[in-house]
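Working notes, structure below.
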Amino acid sequence: MSLLPQEIIRTKRDGGELDPAAIAAFIRGFGDESVSEGQIAAFAMAVFFKGMSRAEAVALTVSMRDSGEVLSWPELDRPVVDKHSTGGVGDNISLMLAPMAAACGLAVPMISGRGLGHTGGTLDKMESLPGYSAMPDSALFRKVVAASGCAIIGQTGNLAPADKRFYAIRDVTATVESVPLITASILSKKLAAGLGALVLDVKCGNGAFMDNPERANELARSLVEVAVGAGMPTTALVTDMNQPLASAAGNAVEVRNAADFLTGKARDSRLLDVTLALAAEMLVSGGLAGTVEDARARALRALEDGSAAERFNSMVAGLGGPLDFLADPDRHLETAPIVSACVAGREGYVTGYDTRAIGLSVVELGGGRTRPGDPVDHAVGLTGLLPVGTRVEKDTPLAFIHARNDDQLAQAERQLRAAVKLGDTATAVSPVVMGRHG
1 MSLLPQEIIR TKRDGGELDP AAIAAFIRGF GDESVSEGQI AAFAMAVFFK
51 GMSRAEAVAL TVSMRDSGEV LSWPELDRPV VDKHSTGGVG DNISLMLAPM
101 AAACGLAVPM ISGRGLGHTG GTLDKMESLP GYSAMPDSAL FRKVVAASGC
151 AIIGQTGNLA PADKRFYAIR DVTATVESVP LITASILSKK LAAGLGALVL
201 DVKCGNGAFM DNPERANELA RSLVEVAVGA GMPTTALVTD MNQPLASAAG
251 NAVEVRNAAD FLTGKARDSR LLDVTLALAA EMLVSGGLAG TVEDARARAL
301 RALEDGSAAE RFNSMVAGLG GPLDFLADPD RHLETAPIVS ACVAGREGYV
351 TGYDTRAIGL SVVELGGGRT RPGDPVDHAV GLTGLLPVGT RVEKDTPLAF
401 IHARNDDQLA QAERQLRAAV KLGDTATAVS PVVMGRHG
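According to our numbering, the sequence shown is numbered sequentially starting from 1.
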């Protein structure tokens, strides 16, 4: 097969199957600029319409992994396992999950991203902590993982750099939603992190990029099969995103929610269920538990005995954040000048959410981005979001809006009222874990 970029594009455009050498040559061209942006866009569109075989998707993922540094962890005496979420609203699981897994004996070098569209980004949340270094050098990253068992940081320029260039072009050419391209984008970075195993949280619902079970399960299968094909043991849970996962949505407000979760002050029930389910998968994948039931019990003990909180404090301090964060989170987290209750205005039940609209309301408050590189207001967001099925009176707060000014407050209140669905009778609530692959 010709390795000329235009011939590789032609083969895929016509529905042919590319061999690994052709895919590797095309991805190498990203780095030496022998492949133009127009050719990358044409390739992305060809894949969008013609798809990829499993073998092609594995070759694409491995080639993107190999476009930069590939980490290894020979200095660690514990299994190296990570988790990745496809993105949701009120999804701060990583902040609790990483230290819980570390407290149980795993090493979790968690390389996270920023907010994308209506979904929040773990990295933006961590940067709510004053002094926290979300982009440390390699030496500090390794030191903190070794000492604390976990570190939550951002993707460095040396890890899967081809993905950054590819994604930027996909973002402006309407080719983001391609399952093989999503798969390669997610997994190339995780493979480059030198993991021994990976657990995936594939969100499904009106607040997820995959809004129905068929698409979510298609993506979960693709991720698991390609990861295993590339040599990394992987499992995936499909979880519900038809309502915000935590009772908070934003940056500092989700960090505060995580602090309450770790210290036992308050734990949202659905958030607890998903966190324990993912922790159990990680412990089984890492060989530290024989069954999911045993692993779940072990993760819960780490949460309740305070060892997970200790790991979180150690990680935060090691990366330059406050030494006593969990002892007094309010002293360290920025707060919005306006906090106002948005009340129900009628009796009834919370019957559902337009969860995407909840996420977008946080973006419009300033807590997310409409363009890459936009600054984020860490203080704004929503708290006290009610679970579906909650009985409300006229004066029951649907949520508390944390805003910077009165105009933001008024707009957020309108959006919140439109996004929260109220009815006269309670409706059935979807199970929070909807399926498993791997």
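We put the CB at the ideal spot given by N, CA and C, even for glycine.
{"Check": "In the DSSP output, what is F400 paired with across the bridge?", "Outcome": "A341, T383"}
{"Check": "According to DSSP, is H332 helix, strand or coil?", "Outcome": "helix"}
{"Check": "From what residue to what residue does the alpha helix (DSSP H) around P99 run?", "Outcome": "93-103"}
{"Check": "Pick from A419, L300, G15, N206: whose alpha carbon is nearest that of P99?", "Outcome": "L300"}
{"Check": "Which one or two residues does DSSP pair with H437 in a beta bridge?", "Outcome": "A236"}
{"Check": "Let me confirm a value: L97 is counted as buried when at least 16 other C-beta atoms fall within 10 Å, else exposed. Which label applies?", "Outcome": "buried"}
{"Check": "Give the straight-line distance between the Cα atoms of V392 and K83, rounded to the nearest whole angstrom.", "Outcome": "36 Å"}
{"Check": "So, does the stretch 156-173 touch the stretch 202-211, judging by three or more C-beta pairs under 8 Å?", "Outcome": "no"}
{"Check": "Quick one: any contact between the stretch 304-313 and the stretch 251-269, if contact means 3 or more CB pairs under 8 Å?", "Outcome": "yes"}
{"Check": "Anyone know if the C-beta pair for A295 and L278 falls short of 8 Å?", "Outcome": "no"}
{"Check": "How long is the line joining the alpha carbons of M241 and L3, rounded to whole angstroms?", "Outcome": "42 Å"}
{"Check": "Could you pull the start and end residues of the alpha helix (DSSP H) that G31 belongs to?", "Outcome": "20-32"}
{"Check": "For G290, I'd like the list of residues in its chain whose CB is within less than 8 Å of its CB, leaving aside the five on either flank, ordered along the chain.", "Outcome": "V284"}
{"Check": "State the start and end residues of the unbroken beta strand (DSSP E) segment that holds T351.", "Outcome": "348-353"}
{"Check": "Taking the alpha-carbon positions, what's the G381 to A25 distance?", "Outcome": "45 Å"}
{"Check": "In its own chain, which residues sit with a C-beta less than 7 Å from the C-beta of G320, not counting the 5 before and 5 after it?", "Outcome": "G131, Y132, S133"}
{"Check": "Using only the alpha-carbon positions, how far apart do D77 and R298 sit?", "Outcome": "20 Å"}
{"Check": "List the DSSP bridge partners of R369.", "Outcome": "In DSSP, R369 forms no bridge with anything."}
{"Check": "Note down the Cα distance separating P233 from R221, rounded to an integer number of angstroms.", "Outcome": "13 Å"}
{"Check": "On the premise that S63 lies in contact with I27, defined as a C-beta separation below 8 Å, what is that separation, rounded to the nearest angstrom?", "Outcome": "4 Å"}
{"Check": "Where does P109 sit, in a helix, a strand or coil, going by DSSP?", "Outcome": "strand"}
{"Check": "Using a Cβ-Cβ cut-off of 6 Å (strictly less than) and excluding sequence neighbours within five positions of Y349, which residues of its own chain qualify?", "Outcome": "R391, G423, A426"}
{"Check": "Who are the Cβ neighbours of G194 in its own chain at under 7 Å, not counting the five residues just before and after it?", "Outcome": "V70, L71, S72, W73, V80"}
{"Check": "For the 8 Å Cβ check, are there 3 or more pairs between the stretch 400-414 and the stretch 329-347?", "Outcome": "yes"}
{"Check": "Between V429, V226, S269, which has its C-alpha nearest L60's C-alpha?", "Outcome": "V226"}
{"Check": "In terms of residues, what are the limits of the beta strand (DSSP E) holding A197?", "Outcome": "197-204"}
{"Check": "Do P244 and I358 have their C-beta atoms closer together than 8 Å?", "Outcome": "yes"}
{"Check": "In chain order, what are the residue ranges of uninterrupted beta strand (DSSP E) at least 3 long that sit wholly in the stretch 232-294?", "Outcome": "234-240"}
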